[in-house]
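A.B. asks:
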Amino acid sequence: MSDLIDILDKNKVPKHVAVIMDGNGRWAKERGQNRLEGHAMGVDSVRATLKAARELGVSYLTLYAFSTENWSRPKEEVDGLMDLLVHSITNELDELNENGVRLTAIGDIDGLPEKCSLSLKNAIKDTAKNKQITLVLALNYSSKWEITKAIQEISNDVSNNKLLASEITDSLVNSYLSTKEIPDPELLIRTSGEHRISNFLLWQIAYTEFYFTDVHWPDFRRDDFLEAILDYQKRERRFGKVSEQLITDK
Ligand code: IPE
Ligand code: IPE
Ligand code: MG
């Protein structure tokens, strides 16, 4: 069987792919297992997706790992997810370094339990010089939180005469977001059949292509990722223009 990667257009690889990793609970339920077993299996999918993204030459992979809303889940699940986070970061650190993966995070990191924020900050520092791919973990993240925080900071800067209201532009707003150094994703993947955004990157996905798959996150592998890229490559991104203009623009 031919490898999907061979038919992909290497000149049309998205720079940034974001993923809403969903369906761990349903995956576990289908097998009569505890939800936490689904989350633990999801770590293999993270590994496979990161590897495929690296292989393809994607520069940024953002994974939605824990939303601000996820604190409302049963305590046992939240505690289990936090433990899994610490273990995964600690266990994967050497491999991240071996593979040139720079780890970074978006979200309210200081709002995580201390053991998580410490191991995360340590891994971020330890991988800071890696250049092959940036893995962005969205943790304790909510897009409305991020935008609200940006508005507060912009308002403060206007009140303190550091900024004029007339200087507030699209790119200035960008520079107050936690994604300020990251280009907007060209592609957003959501697994497990839900067709919603769940408070993820609302500002940044203004022109992003969406790809939905029924595959539960713990089953998601290299070929599922490459399928999403293939689908993305078939689309015409018009950015408000008409098709004919895109041909003459080339
Ligand atoms: C995604 O899987 C992981 C997190 C949100 C942390 P879910 O836990 O949401 O799985 P489902 O949606 O209940 O199947
Ligand atoms: C979104 O998944 C958050 C993450 C993937 C971390 P959820 O499973 O929490 O989303 P909803 O609540 O079904 O929209
Ligand atoms: Mg879910």
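Under my numbering, the first residue of the sequence shown is numbered 1, with each subsequent residue one higher. For every residue, glycine included, the Cβ atom is placed at its ideal position computed from N, Cα and C. These numbers were taken from a predicted model, which means no experiment stands behind them.
Output needed for Leu84: all residues of its chain with C-beta closer than 8 Å, excluding positions within five of it in sequence on either side, in chain order.
C.D. replies: In the sequence shown, the residue the question calls residue 84 occupies position 84. Correct list, in chain order: Leu36, His39, Ala40, Val43.
A.B. asks: Mind reading off the beta-carbon distance from Val17 to Ala48? Whole number of angstroms is fine, and I expect it under 8 Å.
C.D. replies: Against the sequence shown, residue 17 aligns to sequence position 17. Against the sequence shown, residue 48 aligns to sequence position 48. No, Val17 and Ala48 are not in contact; Cβ-Cβ is about 14 Å, not under 8 Å.
A.B. asks: Compute the minimum distance between the beta carbon of Asp22 and the heavy atoms of ligand 2, and state whether it is under 7 Å.
C.D. replies: On the sequence shown, residue 22 is found 22 positions in, with the first residue counted as 1. Yes, the Cβ of Asp22 comes within 7 Å of a heavy atom of ligand 2.
A.B. asks: Alpha carbon to alpha carbon, how far is Arg102 from Asn130? Give it in angstroms, no decimals.
C.D. replies: Position 130 of the sequence shown, counted from the first residue, corresponds to residue 130. Position 102 of the sequence shown, counted from the first residue, corresponds to residue 102. Approximately 5 Å, taken between the alpha carbons.
A.B. asks: What does Leu172 pair with, by DSSP beta-bridge criteria?
C.D. replies: Sequence index remark: in the sequence shown, residue 172 carries index 172 (1-based). Answer is none; Leu172 lacks a bridge partner.
A.B. asks: Kindly provide the ranges of any beta strand (DSSP E) runs that are 3 or more residues long and lie completely inside the region 120-171, ordered along the chain.
C.D. replies: Runs found: 133-141.
A.B. asks: Going along the chain, which residues of its own chain have a beta-carbon closer than 6 Å to the beta-carbon of Gly57, five neighbours each way excluded?
C.D. replies: What you label residue 57 is simply residue 57 of the sequence shown in a count that begins at 1. Only Val13 meet the Cβ criterion.
A.B. asks: Going by CA-CA distance only, name the one from Asn97, Asn161, Leu112 that's closest to Leu139.
C.D. replies: Taking the first residue of the sequence shown as position 1, residue 139 is located at position 139. Among Asn97, Asn161, Leu112, the Cα nearest to that of Leu139 is on Leu112.
A.B. asks: Check whether the Cβ atoms of Leu177 and Trp203 sit closer than 8 Å, and answer yes or no.
C.D. replies: The count along the sequence shown starts at 1 and reaches residue 177 at position 177. The count along the sequence shown starts at 1 and reaches residue 203 at position 203. A contact, by the Cβ cut-off of 8 Å.
A.B. asks: With DSSP as the reference, please indicate the residues paired to Thr104 in a beta bridge.
C.D. replies: On the sequence shown, position 104 is the one that residue 104 refers to. Thr104 pairs with Val136.
A.B. asks: With respect to the alpha helix (DSSP H) encompassing His216, which residues constitute its N-terminal and C-terminal limits?
C.D. replies: Sequence index remark: in the sequence shown, residue 216 carries index 216 (1-based). No alpha helix (DSSP H) contains His216, which DSSP labels as neither H nor E.
A.B. asks: With hydrogens ignored, establish whether the beta-carbon of Gly25 is closer than 7 Å to any heavy atom of ligand 3.
C.D. replies: Here residue 25 refers to the residue found at position 25 of the sequence shown. Within the cutoff, so yes.
A.B. asks: Just tell me which of Asp126, Asp108, Arg222, Asn34 has its CA closest to the CA of Thr90.
C.D. replies: As a first step, residue 90 is located in the sequence shown; it is residue number 90 there, counting from the start. Looking at the Cα atoms, Asp126 is the closest of the given residues.
A.B. asks: Is Asn70 near ligand 1, with its Cβ less than 7 Å from a heavy atom?
C.D. replies: One-based indexing of the sequence shown puts residue 70 at position 70. Taken from the Cβ of Asn70, at least one heavy atom of ligand 1 lies inside 7 Å.
A.B. asks: Within the present structure, is the beta-carbon of Glu194 separated from the nearest heavy atom of ligand 2 by less than 7 Å?
C.D. replies: Counting from one through the sequence shown, the residue named residue 194 turns up at place 194. Yes - ligand 2 has a heavy atom lying nearer than 7 Å to the Cβ of Glu194.
A.B. asks: Within 10 angstroms of the Cβ of Phe210, are there 16 or more other Cβ atoms? Answer buried if so, exposed if not.
C.D. replies: As a first step, residue 210 is located in the sequence shown; it is residue number 210 there, counting from the start. So Phe210 counts as exposed.
A.B. asks: One question on the structure: do Lys15 and Tyr60 come within less than 8 Å of each other, judged by their Cβ atoms?
C.D. replies: Position 15 of the sequence shown, counted from the first residue, corresponds to residue 15. Position 60 of the sequence shown, counted from the first residue, corresponds to residue 60. Contact: yes.
A.B. asks: Quick check on the burial criterion: 16 or more other C-beta atoms within 10 angstroms. Buried or exposed for Ser166?
C.D. replies: Indexing the sequence shown from 1 puts residue 166 at position 166. It is exposed - the Cβ of Ser166 has fewer than 16 other Cβ atoms within 10 Å.
A.B. asks: Report all residues from its chain with a CB closer than 8 Å to the CB of Val86; omit the five preceding and five following residues, and keep chain order.
C.D. replies: The residue you call residue 86 lines up with position 86 of the sequence shown. Counting only Cβ-Cβ distances below 8 Å, and skipping sequence neighbours, we find Lys115, Cys116, Ser119.
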